[in-house]
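Under UniProt numbering, the sequence shown has 876 at position 876, and the numbering climbs by one with no breaks. Each remark here refers to the structure printed beneath this line.
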Amino acid sequence: MIDFPLTRLAAELTGKVAGEVRFDPGSRATYSTDASNYRAVPLGVVLPRTPEDAAAAIAVCREHDMPVLSRGGGTSLAGQCCNAAVVLDWSKYCDRLISVDTAARTAIVEPGIALDPLNAQLARYDLMVGPKPATHVSCTIGGMIGNNSCGSTAQAYGKMVDSVRRLEILTYDGLRGWVGADSQDGFAELRDGLRQIRDEYATDIRQHYPDIPRRVSGYNLDSLLPEHGFDLAKLLVGSESTLVTVLRAEIELVQRPKAVALTVLGYPDIYDAADAVPIVLQHNPIALEGVDHRLVDLEHLEHLAGGAIAQLPDGNGWLMAQFEGADQDEADRRAQTMVEEVTMKTGATSTMIDDPAREAEIWMAREAGLGATAYPPDSPETHEGWEDAAVPPNRLGDYLRDFESLLDDFDYQSSSLYGHFGHGCVHTRIPFDLRSAEGISKYRGFAEQSAQLVARYGGSLSGEHGDGQSRGELLPIMFGERIVEAFGAVKHLFDPRNRMNPGKVVHPRPLDQDLRQGADYRPWEPVTHFAFPEDDHRFSVAAARCVGVGKCRGHEGGVMCPSYRVTREEEHSTRGRARLLFEMLQGEVITDGWRSTEVRDALDLCLACKGCRSDCPVDVDMATYKAEFLSHHYEHRVRPMAHYSMGWIPLWARLATAVSAPANALAQSRGTGGLLKRLGGIDPRRELPRFARERFTEMFARRAPDERGHRGRVLLWPDTFTNNFAPEIAEAAVAVLEAAGFEIEIPGRTVCCGLTWISTGQLHTAKRVLRRTLRQLEPQLRSSTPIVVLEPSCAAVFRSDLTELLPGDEDAHRLANQVHTLGEILTEQADDWEPPRIDAHAMVQPHCHQHAILHYEADQRLLTATGLDVEVLDTGCCGLAGNFGFERGHYDVSVACAEDKLMPTIRNREPETLILADGFSCRTQIEHLNPQARPRHAAQILAEAIRGN
1 MIDFPLTRLA
11 AELTGKVAGE
21 VRFDPGSRAT
31 YSTDASNYRA
41 VPLGVVLPRT
51 PEDAAAAIAV
61 CREHDMPVLS
71 RGGGTSLAGQ
81 CCNAAVVLDW
91 SKYCDRLISV
101 DTAARTAIVE
111 PGIALDPLNA
121 QLARYDLMVG
131 PKPATHVSCT
141 IGGMIGNNSC
151 GSTAQAYGKM
161 VDSVRRLEIL
171 TYDGLRGWVG
181 ADSQDGFAEL
191 RDGLRQIRDE
201 YATDIRQHYP
211 DIPRRVSGYN
221 LDSLLPEHGF
231 DLAKLLVGSE
241 STLVTVLRAE
251 IELVQRPKAV
261 ALTVLGYPDI
271 YDAADAVPIV
281 LQHNPIALEG
291 VDHRLVDLEH
301 LEHLAGGAIA
311 QLPDGNGWLM
321 AQFEGADQDE
331 ADRRAQTMVE
341 EVTMKTGATS
351 TMIDDPAREA
361 EIWMAREAGL
371 GATAYPPDSP
381 ETHEGWEDAA
391 VPPNRLGDYL
401 RDFESLLDDF
411 DYQSSSLYGH
421 FGHGCVHTRI
431 PFDLRSAEGI
441 SKYRGFAEQS
451 AQLVARYGGS
461 LSGEHGDGQS
471 RGELLPIMFG
481 ERIVEAFGAV
491 KHLFDPRNRM
501 NPGKVVHPRP
511 LDQDLRQGAD
521 YRPWEPVTHF
531 AFPEDDHRFS
541 VAAARCVGVG
551 KCRGHEGGVM
561 CPSYRVTREE
571 EHSTRGRARL
581 LFEMLQGEVI
591 TDGWRSTEVR
601 DALDLCLACK
611 GCRSDCPVDV
621 DMATYKAEFL
631 SHHYEHRVRP
641 MAHYSMGWIP
651 LWARLATAVS
661 APANALAQSR
671 GTGGLLKRLG
681 GIDPRRELPR
691 FARERFTEMF
701 ARRAPDERGH
711 RGRVLLWPDT
721 FTNNFAPEIA
731 EAAVAVLEAA
741 GFEIEIPGRT
751 VCCGLTWIST
761 GQLHTAKRVL
771 RRTLRQLEPQ
781 LRSSTPIVVL
791 EPSCAAVFRS
801 DLTELLPGDE
811 DAHRLANQVH
821 TLGEILTEQA
831 DDWEPPRIDA
841 HAMVQPHCHQ
851 HAILHYEADQ
861 RLLTATGLDV
871 EVLDTGCCGL
881 AGNFGFERGH
891 YDVSVACAED
901 KLMPTIRNRE
911 PETLILADGF
921 SCRTQIEHLN
931 PQARPRHAAQ
941 ILAEAIRGN
């Protein structure tokens with residue numbers, strides 16, 4: 001329960017802030033951590049609509065002497081974005097590009113705008129923001145300013161401090177105005193105080209600030225030196241919300257490269273690769289990254305970057321050097337000149353890449369580093385804590401050797417060494433034991449000795465991710481007591497009451513306190529239906545899997561997370577939902593376990609698309625978590641009516657198809673149809689699907705058997721949707737398979753994959769259905785007969801959910817291995833078959849479950865082999881997602897998902913373009929929103945081509 005003072009604070013904020021004020025347990029739980037090891041439940045959360053709104057919120061907090069913390073994308077790795085404070089989340093509303101000055105190459109922005117969307121808006125001016133962190137899909141400009149972010153492009157464009165020209169700031173005590181090198185009107189007292197601090201510590205600043213490109217630790221006191229222009233804005237960059245609140249920012253922009261070429265150099269190990277950095281730097285690359293064999297091995301094992309791995313030259317350590325030019329020839333020439341010198345001097349192997357698609361694969365492999373290293377197979381989970389130190393680039397090789405020796409001394413093995421080698425910045429995650437007092441003590445000892453090692457090399461404790469709580473306590477080792485004393489003086493000048501993100505950077509809380517796990521970590525371990533085999537068979541491990549990098553908060557590419565893209569709500573991101581489940585198991589903020597309404601409401605808009613199963617860097621599977629939660633939440637309770645209508649659609653469809661004419665008449669009439677929708681919990685704007693006049697299984701039973709199949713027998717799976725609503729698709733599949741030389745059979749009795757019961761969390765029923773299906777398929781399972789499934793969502797159940805719901809059943813594992821899509825069976829077991837010629841262009845909308853579980857490569861190869869010009873859309877989820885889009889209360893979100901990118905793309909197609917969608921949900925949504933589109937299953941166009949149409 002919130003005590004009375006916080007209740008009054010919430011009420012006053014609500015009265016004076018136009019944005020959203022949330023002090024409920026669910027919101028506080030959602031913002032309890034970032035991407036770090038730390039956890040601190042906030043007092044409440046405010047989502048300001050404008051910078052003025054944020055100023056009003058801080059004024060209320062000042063009246064009540066409450067601490068505040070500004071938060072952008074929440075991807076910080078050092079704990080600076082979690083605190084027992086009032087959190088201002090800027091990312092939902094304060095995301096405007098205010099103005100662009102193309103002549104000066106500057107822009108004024110609000111702090112909540114994320115980097116990728118901002119760069120997308122700047123593209124029409126041929127401009128972009130220089131720094132580009134790996135979290136560019138979700139990190140905000142305000143967060144980048146607070147953290148002094150960098151990324152691979154910092155090699156050419158510097159850190160965020162180099163991009164900031166002016167900041168509009170607000171102090172906790174209410175001073176507000178623009179500051180920069182030339183303008184800080186209204187801050188005379190602050191300016192005078194800073195000059196006194198500067199003068200007192202100038203000698204120490206010049207002596208103890210490392211002269212390296214990646215010094216991110218500490219406050220930028222060097223920006224106050226006369227030779228650096230006494231720039232107050234640059235001082236504040238990297239201050240992690242501990243000094244001021246940034247309301248708006250004027251940033252310098254850079255021209256987008258006209259052409260780039262990427263060269264990859266291979267070395268025997270990562271140390272030799274690091275030794276070569278100074279030679280490569282002589283050629284002025286715009287990016288110079290390093291990766292070791294462990295990262296490549298992990299990505300190979302986890303199927304993260306197969307295309308990129310195949311392009312690497314021989315070696316066990318690699319440098320990725322990128323060059324730009326006025327045209328492609330110039331970029332290639334600069335890269336080739338570097339290669340010739342470096343290979344001659346170092347003996348490196350090399351590969352040059354100037355194809356944008358191949359280059360993107362390489363960069364995606366590099367950016368997947370955190371995800372690949374977080375949960376190494378057959379190894380303990382790894383953590384931040386010493387993941388971004390930086391040293392002089394010309395000493396990087398020796399530093400890495402000493403760092404590996406230190407890891408050995410502590411009996412740690414890093415999951416990988418990689419990073420921004422051109423700036424001497426090294427990323428790694430280490431298997432710290434943060435759950436026992438002994439392990440935590442060992443972690444502290446390692447961090448202290450690592451800080452001493454970096455200081456001996458003249459480096460920075462943080463070269464990218466900031467100090468926060470992970471490194472704030474260690475700053476005296478790097479800077480000495482005098483400089484840390486100066487940090488305290490600056491903090492007191494700006495924030496004398498210590499209310500701005502207290503406990504970070506200055507007067508930091510100990511690095512081994514406030515841990516998300518900790519020696520007292522003992523989450524509730526409930527009994528579950530799913531086995532969670534990748535998570536030690538424990539739901540608590542699955543719920544803690546998210547590491548917080550925030551890729552689910554992106555807006556471009558991939559499938560996850562469709563509802564977040566619509567609502568922009570943290571609790572509707574995969575990360576936010578994972579945080580709520582974590583807190584549910586902790587039982588401190590979310591106290592009612594499976595009965596939690598906060599968790600239920602956050603999961604309500606999860607489409608169960610499974611996009612996170614493939615797109616999340618650490619394979620969070622929120623669809624499975626949602627099904628598990630719903631099963632327990634509604635156990636022995638009345639469920640939403642849609643669970644009985646849509647959840648039991650296999651039964652209702654079977655009954656209705658037997659009397660399809662009257663059933664369709666009732667369902668489609670305005671009166672009875674509307675009544676059925678109300679009773680079934682279905683949105684009135686949805687059209688109920690029409691039942692087929694005859695099921696496919698009945699049609700197939702009447703046909704004469706075709707025994708010409710020289711390739712053997714396959715079982716064609718009559719899924720509920722194809723069998724009862726679109727039997728023509730199954731008939732087309734029969735024609736295609738027989739043309740390819742297969743003999744077709746179908747199950748002798750009604751079977752089902754249990755999908756609709758799984759998605760609505762009726763897992764007891766789902767398991768009964770699946771066990772009955774396994775019994776019906778026993779002859780095919782014993783004879784290893786291939787089973788062809790036309791509906792991707794049903795095939796995905798067999799490939800993933802089945803073995804996790806029935807983990808001890810050998811037949812479940814047999815079925816998972818015997819299931820094929822149409823594309824898989826034809827490309828893998830009939831590779832000599834020549835498909836019919838199709839001279840056309842097709843847009844393909846892969847079903848989300850196919851994207852996540854099955855993948856579309858085999859089906860794409862099949863279509864391409866026909867001569868079809870295949871364009872596989874990357875437009876995200878269609879938004880219908882089985883029962884989701886039919887349920888009352890979901891319609892607006894469902895349609896908004898489709899209208900984000902999919903439907904505009906379809907409407908803008910050329911008239912003769914085919915639209916292919918193998919998923920029943922995808923076809924239904926497209927037809928609902930554009931009846932002229934006529935989406936079809938791949939089997940249909942193949943069959944038509946075979947028949948000569």
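All C-beta atoms in this analysis are idealised placements derived from N, C-alpha and C, irrespective of residue type, glycine included.
Whose CA, out of the options, lies closest to the CA of residue i?
i: isoleucine 279; options: Ser894, Leu396, Lys16, Thr30; result: Leu396
i: cysteine 877; options: Val751, Thr373, Gly823, Ile926; result: Ile926
i: glutamate 899; options: Gln586, Arg888, Cys922, Glu910; result: Cys922
i: leucine 118; options: Leu902, Tyr209, Leu97, Ile440; result: Leu97
i: arginine 39; options: Gln513, Glu63, Thr657; result: Gln513
i: glycine 424; options: Asp222, Val620, Glu20, Gly458; result: Gly458
i: aspartate 811; options: Gly576, Thr337, Arg771; result: Arg771
i: proline 835; options: Ala943, Glu384, Ala933; result: Ala943
i: arginine 565; options: Ala896, Ala273, Leu6, His890; result: Ala896
i: proline 718; options: Ala732, Met699, Ile746; result: Ile746
i: tyrosine 209; options: Thr30, Arg613, Gly712, Pro476; result: Pro476
i: serine 70; options: Leu243, Ile108, Thr864; result: Leu243
i: valine 547; options: Thr75, Pro51, Cys81, Pro131; result: Thr75
i: residue 959; options: Val60, Lys610, Leu688; result: This structure cannot speak to residue 959, because the chain is shown only from 1 to 949.
i: glycine 439; options: Thr382, Leu247, His427; result: Thr382
i: alanine 668; options: Pro684, Val216, Trp594, Arg654; result: Here the sequence assigns glutamine to residue 668, which means alanine is not the residue at that position. Out of Pro684, Val216, Trp594, Arg654, Pro684 has the C-alpha closest to the C-alpha of glutamine 668.
i: aspartate 89; options: Val246, Phe539, Leu815; result: Val246
Here's a check: name, in chain order, each residue in its chain whose Cβ is nearer than 6 Å to the Cβ of residue i, leaving out the five neighbours to either side.
i: valine 277; result: Pro393, Leu396, Phe421
i: glycine 193; result: Leu493
i: phenylalanine 487; result: Tyr219, Val506
i: alanine 18; result: Arg49, Asp53
i: histidine 643; result: Thr760
i: tyrosine 271; result: Gly397, Leu400, Arg401
i: histidine 841; result: Asp869, Thr913
i: valine 391; result: Tyr399, Gly424, Tyr457, Gly459
Whole-angstrom Cβ separation of residue i and residue j, contact assumed at under 8 Å?
i: arginine 165; j: threonine 106; result: 6 Å
i: glycine 26; j: leucine 580; result: 6 Å
i: glycine 79; j: serine 470; result: 6 Å
Among residues of its own chain, excluding the 5 on either side of residue i, which ones have a beta-carbon nearer than 7 Å to its beta-carbon?
i: tyrosine 521; result: Arg435
i: glycine 948; result: none
i: tyrosine 634; result: Gly761
Checking 8 Å against the spacing of the C-beta atoms, do residue i and residue j come in under that value?
i: alanine 321; j: proline 285; result: yes
i: leucine 880; j: proline 792; result: no
i: alanine 389; j: valine 454; result: yes
i: alanine 602; j: glutamate 571; result: yes
i: residue 955; j: alanine 368; result: Because residue 955 is not part of the residues shown, which for the chain are 1 to 949, the question remains open.
i: proline 786; j: glutamine 818; result: yes
i: tryptophan 757; j: glycine 647; result: yes
i: arginine 888; j: isoleucine 682; result: yes
i: glycine 72; j: glycine 112; result: yes
For residue i, does the count of other Cβ atoms within 10 angstroms reach 16, so buried, or fall short, so exposed?
i: methionine 1; result: Any answer about methionine 1 is weak, because its pLDDT of 41 lies below 50 and its placement is not dependable; what the coordinates show is given next. Result: exposed.
i: glutamate 857; result: exposed
i: glycine 143; result: buried
i: histidine 529; result: buried
i: asparagine 908; result: exposed
i: glycine 238; result: buried
i: valine 638; result: exposed
i: alanine 120; result: exposed
i: leucine 585; result: buried
i: serine 138; result: buried
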